[in-house]
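The working numbering puts the first residue of the sequence shown at 701, with every later residue one more than the last.
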Amino acid sequence: MSLPKVLRVQQNFDSTHITDIPKTVSEQIGKLGLPGRLKSGQTVAITGGSRGVANIAVIIRAVVDELRKLGVRPFIIPAMGSHGGGTAEGQRSVLEHYGITEASMGAPVRATMETTQVGETPQGIPVFLDNYALEADHVVVVNRIKPHTDFDGDIESGLCKMMAIGLGKHTGAIQYHRANIRHGYYTVITNVSRVVRNNCKILFGLGIVENAYDETSVIEAMLTPEIEDSERRLLAVA
């Protein structure tokens, strides 16, 4: 019997990862020139997701610490669409599962499913925003950037998705998933996130990329106008 030719192959993954996460977060936030954009005592909402990001509690705690140094009052909000059973307590529990609590973060965790419509996309999709995010003086969007399982594009799962489905809570998630059927994930996520950026005071984004071993390999802070271009670049890295 004639057998097909067989070759031994080996795949090598880059294992580069960040060893001092708080230092990296501090350096990244420090490059943004935030003192001129903030006033003492202002409130800053920081997003916490539900996707099991490596070291997420350490990363968010580092963001809290850096913002406190700037004289503002950070707090954390669940940004996970309808996850956690679609309830405020359920979403708070998801954050607790990842080690994000008021005690561990040194900051309040404010969970609500209440939203306000802040506009609509050119396609006529209504855009909703978490009320705590809307009431805050500023919002910091933190999320891992990675390929999405359901669609391909130069922006997939990351900061834009967090601003759209995450901050849209259950109400927004229903609207956007319905709109996906007609317009596609990419169109919905990018257009909804643009409306959010235009109507919510997004201070900066913090993008995270993990290596093939699920270790934190990149943490990058970017100001709001840079979010889309930075996310495209970091998705290619991911």
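Just so it is clear, CB atoms sit at the ideal spot from N, CA and C, and this is done for glycine as well.
Is DSSP giving V709 helix, strand or coil here? Numbered from its first residue, the sequence shown carries residue 709 at position 9. Coil, per DSSP.
Please name the residue in L903, E796, Y886, I845 whose C-alpha comes closest to that of R737. Taking the sequence shown and counting its residues from 1, the one referred to as residue 737 is at position 37. Of the candidates L903, E796, Y886, I845, the one whose C-alpha sits nearest the C-alpha of R737 is L903.
Using only the alpha-carbon positions, how far apart do G786 and G872 sit? For the purposes of this step, residue 786 is taken as residue 86 along the sequence shown, with counting starting at 1. For the purposes of this step, residue 872 is taken as residue 172 along the sequence shown, with counting starting at 1. Each residue's Cα considered, the two are about 11 Å apart.
Is it true that the CB of Y913 sits closer than 8 Å to the CB of F775? Position 75 of the sequence shown holds residue 775. Position 213 of the sequence shown holds residue 913. No, Cβ-Cβ distance for F775 and Y913 is not below 8 Å.
Quick one: which unbroken beta strand (DSSP E) runs of 3-plus residues sit fully inside the segment 724-809? Chain order, please. 743-748, 773-778
Among L935, L923, T887, E835, which residue has its Cα nearest to the Cα of R867? Here residue 867 refers to the residue found at position 167 when the sequence shown is read from its first residue. Just to set this straight, residue 867 is Leu in the shown sequence, not Arg. The shortest C-alpha separation from L867 is found at E835.
Within a Cβ cutoff of 6 Å, which residues of the same chain sit near H883, ignoring the five residues on either side of it in sequence? What you label residue 883 is simply residue 183 of the sequence shown in a count that begins at 1. Closer than 6 Å at the Cβ level, and outside the excluded window around H883, lie Q823.
CB T801 to CB V809, shorter than 8 Å? Along the sequence shown, read from residue 1 onward, the residue named residue 801 stands at position 101. Along the sequence shown, read from residue 1 onward, the residue named residue 809 stands at position 109. Their beta carbons are under 8 Å apart, which means T801 touches V809 by this criterion.
Residue from H848, N891, H797 with nearest C-alpha to P826: The sequence position of residue 826 within the sequence shown is 126, counting from 1. Cα-wise, what sits closest to P826 is N891.
I think I760 touches G748, with their Cβ atoms under 8 Å apart; what is that distance to the nearest whole Å? For this step, residue 760 is matched to residue 60 along the sequence shown. For this step, residue 748 is matched to residue 48 along the sequence shown. Confirmed, Cβ separation roughly 6 Å.
If we ignore side chains and look at the alpha-carbon of each, how far apart do S917 and L923 end up? As a position in the sequence shown, residue 917 is number 217, starting the count at 1. As a position in the sequence shown, residue 923 is number 223, starting the count at 1. Approximately 20 Å, taken between the alpha carbons.
Nearest-angstrom beta carbon gap, Y798 and A745 [assumed within contact, 8 Å]: Your numbering for residue 745 matches position 45 in the sequence shown. Your numbering for residue 798 matches position 98 in the sequence shown. A745 to Y798, Cβ: 17 Å. No contact.
Buried or exposed: which applies to G741, given that a residue is buried once 16 or more other Cβ atoms fall within 10 Å of its Cβ? Within the sequence shown, the letter at position 41 stands for residue 741. Exposed: under 16 other Cβ atoms inside 10 Å.
Return the first residue and the last residue of the beta strand (DSSP E) that L829 is part of. Here residue 829 refers to the residue found at position 129 when the sequence shown is read from its first residue. Counting along the chain, the beta strand (DSSP E) containing L829 begins and ends at 826-830.
Other residues of its chain near P722: CB distance less than 6 Å, five sequence neighbours each side excluded: Counting from 1 along the sequence shown, the entry for residue 722 is found at position 22. Same-chain partners within the cutoff: A762.
Within the continuous alpha helix (DSSP H) that includes E931, where are the two ends? Locating residue 931 in the sequence shown gives position 231, counting from the first residue. Residues 927-937.
Check whether the Cβ atoms of A919 and G905 sit closer than 8 Å, and answer yes or no. Here residue 919 refers to the residue found at position 219 when the sequence shown is read from its first residue. Here residue 905 refers to the residue found at position 205 when the sequence shown is read from its first residue. Note on identity: in this sequence residue 919 is Ile, with Ala being the wrong assignment. No; because the gap between Cβ atoms is not below 8 Å, this pair is not in contact.
What's the gap between the Cα of D854 and the Cα of S702? As a position in the sequence shown, residue 854 is number 154, starting the count at 1. As a position in the sequence shown, residue 702 is number 2, starting the count at 1. Spanning the two alpha carbons is a distance of roughly 45 Å.
Looking at Y886 and F851, is the spacing between their C-beta atoms short of 8 Å? As a working mapping, residue 851 is identified with position 151 in the sequence shown. As a working mapping, residue 886 is identified with position 186 in the sequence shown. Taking 8 Å as the Cβ cut-off, F851 and Y886 qualify as a contacting pair.
Do you know offhand how far T815's Cα is from G752's? Start at 1 with the first residue of the sequence shown, and residue 815 comes out as number 115. Start at 1 with the first residue of the sequence shown, and residue 752 comes out as number 52. Using only the alpha carbons, I get a separation of about 24 Å.
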